[in-house]
Amino acid sequence: MAFALGPRAASAGYRLAAFERTGSTNTEAIERARAGERGPMWFVTTEQTAGRGRRQRAWIAAKGNLAASVLEVLDVAPAVAATLGFAAGLAEEAALERVSLEAALRLGESRPRYALKWPNDVLANGRKLVGIGLEAEAVGDRLAVVVGIGTNVVGAPEGTPTPAVSLAALGVQISAEELFAALSDAWVEFRGIWDNGRGFAEIRKLWLARAAGLGDKVAIHTGTATLEGIFDTIDDTGCLIVRTADGRRLPVAAGEVFFGSAASVGAA
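Residue numbers (UniProt numbering): 1 to 268.
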């Protein structure tokens, strides 16, 4: 099965570049933007060899997994562009629900349950299934924004800060190509709601309804310190709000999040 856009994405004017194997779909997208490409355009592969996750961790897509990046060239400030990651999480979660219908009927109570982990991951039964990363670069008077979405379709890496899982291990037997078609259509929906940041209030509401760990204990590693408290909400800029033991509500713009019983382990 070859990669193809979903019908809604095709109708919305998205284009597609598919690779049998590539170093990084994000790099492909940024390089095209530097060369004059203005999108909107998807870059996809089932085998990525040199991707980058948060904090420059390797983001490798073993053959059969999905590495997909969408290029949008926008007239928005970088801080506004950063909130597009929440729309991406919603789009991925919606696509996963769509392709998991058969598995949900077959597996019943043991079916995969998806949740969104701040800032940009998707969990399945508490384990990391999807990583989402944003890159942005000025092109002329606009901002080229690339949203990279990596999904463990057939296999998951080991030794990750949050234990990882694949769709195959969860009993969802679908291909990267099937998932991508659903994702490209869902992207059109949530990109439209986001509306260059004007619709982030609605995106925020939808995201919080699917948030992992909301109201639970949380420890956040920021690289230089660890902040502990209760995951209270996200604010209107996308920062995670931590309610500390002394009642303060502190915003966190970036960090590695550990929930519940993992919080004490993460803080060690």
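For every residue, glycine included, the Cβ atom is placed at its ideal position computed from N, Cα and C.
Short Cβ contact (9 Å threshold) for residue i with residue j
i           : j           : result
residue 154 : residue 64  : yes
residue 41  : residue 71  : yes
residue 135 : residue 34  : no
residue 67  : residue 188 : no
residue 212 : residue 116 : yes
residue 258 : residue 242 : no
residue 178 : residue 99  : yes
residue 206 : residue 6   : no
residue 146 : residue 103 : no
residue 122 : residue 92  : yes
residue 18  : residue 29  : no
Closest Cα partner of residue i within the set the options
i           : options            : result
residue 152 : 5, 221, 124, 167   : 167
residue 149 : 80, 44, 10         : 44
residue 197 : 232, 86, 13, 113   : 86
residue 260 : 220, 239, 164      : 220
residue 96  : 176, 251, 8        : 176
residue 214 : 80, 229, 48, 133   : 229
residue 244 : 252, 164, 172      : 252
residue 73  : 195, 235, 204, 227 : 195
residue 8   : 140, 191, 204      : 191
residue 238 : 226, 37, 208       : 208
Residue i - containing alpha helix (DSSP H), residue span
i           : result
residue 208 : 200-208
residue 179 : 176-194
residue 27  : 25-34
Opposing strand residues paired with residue i [DSSP bridges]
i           : result
residue 145 : 72, 136
residue 15  : 41
residue 211 : 116
residue 228 : 219
residue 130 : 122, 151
residue 10  : None; residue 10 has no bridge partner.
residue 259 : 218
residue 164 : 128
residue 22  : 48
residue 296 : This structure gives no information on residue 296, because the portion of the chain shown stretches from 1 to 268.
Boundaries (first-last residue) of the beta strand (DSSP E) holding residue i
i           : result
residue 219 : 217-221
residue 251 : 249-252
residue 255 : First-last for residue 255: undefined, no H or E at that position.
residue 243 : 240-243
Can you give, in chain order, each stretch of the beta strand (DSSP E) that sits fully within the stretch 45-123 and has at least 3 residues? List check, beta strand (DSSP E) in window: 48-52, 58-61, 66-74, 114-117.
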